[in-house]
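J.:
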Amino acid sequence: MLYVLAKHFPDRAKQLTPRAIDNIAGSLAKGYYNTHSSAMTILALDASGRVNATSIDKLAITEWRAGVTPKDISTAQSALMRSGAWSADATRVEFGNHSGAPAWWSVVQSGYDRKASDKAIREGLEIVREYTDRNGKPLTGITVGDEVEVHLKIRTTNNASAADLAIVDLLPGGFDPVDPPPPSGDAGENPDHPASVAVASLSTWHPEHTDQREDRMVLYGTVTPAAREFVYRIRATNAGRYVVPPAYGESMYDRRIKAQSTGGATLTVQPAHRAES
Numbered sequence: 001m002l003y004v005l006a007k008h009f010p011d012r013a014k015q016l017t018p019r020a021i022d023n024i025a026g027s028l029a030k031g032y033y034n035t036h037s038s039a040m041t042i043l044a045l046d047a048s049g050r051v052n053a054t055s056i057d058k059l060a061i062t063e064w065r066a067g068v069t070p071k072d073i074s075t076a077q078s079a080l081m082r083s084g085a086w087s088a089d090a091t092r093v094e095f096g097n098h099s100g101a102p103a104w105w106s107v108v109q110s111g112y113d114r115k116a117s118d119k120a121i122r123e124g125l126e127i128v129r130e131y132t133d134r135n136g137k138p139l140t141g142i143t144v145g146d147e148v149e150v151h152l153k154i155r156t157t158n159n160a161s162a163a164d165l166a167i168v169d170l171l172p173g174g175f176d177p178v179d180p181p182p183p184s185g186d187a188g189e190n191p192d193h194p195a196s197v198a199v200a201s202l203s204t205w206h207p208e209h210t211d212q213r214e215d216r217m218v219l220y221g222t223v224t225p226a227a228r229e230f231v232y233r234i235r236a237t238n239a240g241r242y243v244v245p246p247a248y249g250e251s252m253y254d255r256r257i258k259a260q261s262t263g264g265a266t267l268t269v270q271p272a273h274r275a276e277s
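Mapped onto UniProt numbering, the consecutive letters of the sequence shown carry residue numbers 1 to 277.
What follows is the structure, encoded as structure tokens:
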């Protein structure tokens, strides 16, 4: 409706109070969006911003650093937005608005956490991950070349099934995924039924799609309140001590549903023993 008003009835759009935009921004802040609603929201906000455009020269992003005079690090990206990037040395960042009109801000970051989270997240979904040897027993030691079984246990926590979930399990450093054995018979000629990366004899959860990458396992499917398990194997390829990142998952269309396993543990891989001649 905001898009229609701004696009075809600009005079009426100018009469809207800031609360109308706050209602949209509030939903975004809580994560209530998906790919479709995000596109519609961008169209609406863009159209509204052009109708109610003010001087963006009165907006600023000020960075503070120890021993350095604070400065505005923002530049105009369009007639509607200013943006800027601050350094890792910043001790404070302030978003300033001296235009007399409402303004909103957002922050985007990328990369990996320096310290793996040791707290689990359970919001409608729960993920538990365990590492065992190939016999399903707790690990007592890992040597380069050893295969380790990864057990992902997944369930919903609200007594209802959840479809269209994406589960991502990052591999620890020093490990590579074990490729599945080649399919036998006609299965290898049918692209609609590729070989599964799961250990079929141990897995009780069968996702609709699996994407095995060099540094992670990505699974898509439906999860039920009854705990199910997906098991796959990784191989130690380098000696060292590696921090275990958390596994995480979320609904692709209802961002209120999400989970993260605990992380921060370590796996130590010993060098392979050289055979004596």
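Glycine is no exception: its CB is placed at the ideal position from the N, C-alpha and C atoms.
Note that the coordinates shown come from a computational prediction; the quantities given were computed from them, not determined experimentally.
Where are the alpha helix (DSSP H) runs, 4 residues long or more, that stay fully inside the UniProt domain "Bacterial alpha-2-macroglobulin MG10" (124–254), in chain order?
T.: Here no run is fully enclosed.
J.: By DSSP, does residue 117 sit in helix, in strand, or in coil?
T.: Taking the first residue of the sequence shown as 1, we reach residue 117 at position 117. Looking at residue 117 - three-state DSSP - the assignment turns out to be coil, as it is neither helix nor strand.
J.: Out of 171, 180, 135, 48, which has the shortest C-alpha to C-alpha gap to residue 198?
T.: Position 198 of the sequence shown, counted from the first residue, corresponds to residue 198. Out of 171, 180, 135, 48, 180 has the C-alpha closest to the C-alpha of residue 198.
J.: Have a look at 272, 150, 165, 231 and flag the residue whose alpha-carbon is nearest the alpha-carbon of residue 244.
T.: For the purposes of this step, residue 244 is taken as residue 244 along the sequence shown, with counting starting at 1. When each option's Cα is compared against that of residue 244, the closest is 150.
J.: Taking the beta strand (DSSP E) that residue 61 falls in, what are its first and last residues?
T.: As a position in the sequence shown, residue 61 is number 61, starting the count at 1. Residues 59–65.
J.: Rounded to whole angstroms, what is the Cα-Cα separation between residue 96 and residue 65?
T.: Counting from one through the sequence shown, the residue named residue 96 turns up at place 96. Counting from one through the sequence shown, the residue named residue 65 turns up at place 65. Each residue's alpha carbon lies about 17 angstroms from the other.
J.: Measuring straight from C-alpha to C-alpha, what distance separates residue 106 and residue 140?
T.: Stepping through the sequence shown from its first residue, residue 106 is reached at position 106. Stepping through the sequence shown from its first residue, residue 140 is reached at position 140. Spanning the two alpha carbons is a distance of roughly 46 angstroms.
J.: Among 250, 240, 266, which has the Cα closest to the Cα of residue 144?
T.: Position 144 of the sequence shown, counting from 1, holds the residue named residue 144. Per the Cα distances, 240.
J.: How many angstroms separate the CA atom of residue 233 from the CA atom of residue 3?
T.: Within the sequence shown, residue 233 is the residue found at index 233, counting from 1. Within the sequence shown, residue 3 is the residue found at index 3, counting from 1. Taking the straight line from one Cα to the other gives about 49 angstroms.
J.: Suppose the cutoff is 7 angstroms on Cβ atoms and the five residues either side in sequence are ignored; what does the same chain contact list for residue 178 look like?
T.: Reading the sequence shown from its first residue, position 178 is the one you call residue 178. Once the five neighbours on either side are set aside, the close Cβ partners of residue 178 are 147, 233, 234, 235.
J.: Going by the DSSP bridge assignment, what does residue 268 pair with across the sheet?
T.: On the sequence shown, residue 268 is found 268 positions in, with the first residue counted as 1. BP columns for residue 268 point to 241.
J.: Return yes when the Cβ of residue 129 is within less than 7 angstroms of the Cβ of residue 152, no when it is not.
T.: As a position in the sequence shown, residue 152 is number 152, starting the count at 1. As a position in the sequence shown, residue 129 is number 129, starting the count at 1. Contact flag set, yes.
J.: Going by the CB atoms, is the gap between residue 63 and residue 93 shorter than 7 angstroms?
T.: Here residue 93 refers to the residue found at position 93 when the sequence shown is read from its first residue. Here residue 63 refers to the residue found at position 63 when the sequence shown is read from its first residue. In contact: residue 93 and residue 63 (Cβ atoms closer than 7 angstroms).
J.: Out of 70, 9, 57, point me to the one whose CA is closest to residue 80's CA.
T.: Stepping through the sequence shown from its first residue, residue 80 is reached at position 80. Looking at the Cα atoms, 57 is the closest of the given residues.
J.: Roughly how many whole angstroms lie between the Cα atoms of residue 271 and residue 24?
T.: Here the question's residue 271 lines up with position 271 in the sequence shown. Here the question's residue 24 lines up with position 24 in the sequence shown. The alpha-carbon atoms of residue 271 and residue 24 are separated by roughly 55 angstroms.
J.: Quick one, which of 36, 88, 19, 168 has its alpha-carbon nearest residue 102's?
T.: As a position in the sequence shown, residue 102 is number 102, starting the count at 1. Nearest C-alpha to residue 102: 19.
J.: Please look up how many angstroms separate the CB atoms of residue 156 and residue 225, rounded, as I've assumed it's under 8 angstroms.
T.: Taking the sequence shown and counting its residues from 1, the one referred to as residue 156 is at position 156. Taking the sequence shown and counting its residues from 1, the one referred to as residue 225 is at position 225. Yes, they are in contact, since the Cβ atoms of residue 156 and residue 225 sit about 5 angstroms apart, within 8 angstroms.
J.: With a 10 Å radius around its C-beta and 16 neighbouring C-beta atoms as the bar for buried, classify residue 112 as buried or exposed.
T.: In the sequence shown, counting from the first residue as 1, residue 112 sits at position 112. Classification for residue 112: exposed.
J.: Taking all protein chains shown into account, decide if residue 172 is buried (16 or more other Cβ within 10 angstroms of its Cβ) or exposed.
T.: Stepping through the sequence shown from its first residue, residue 172 is reached at position 172. Classification for residue 172: buried.
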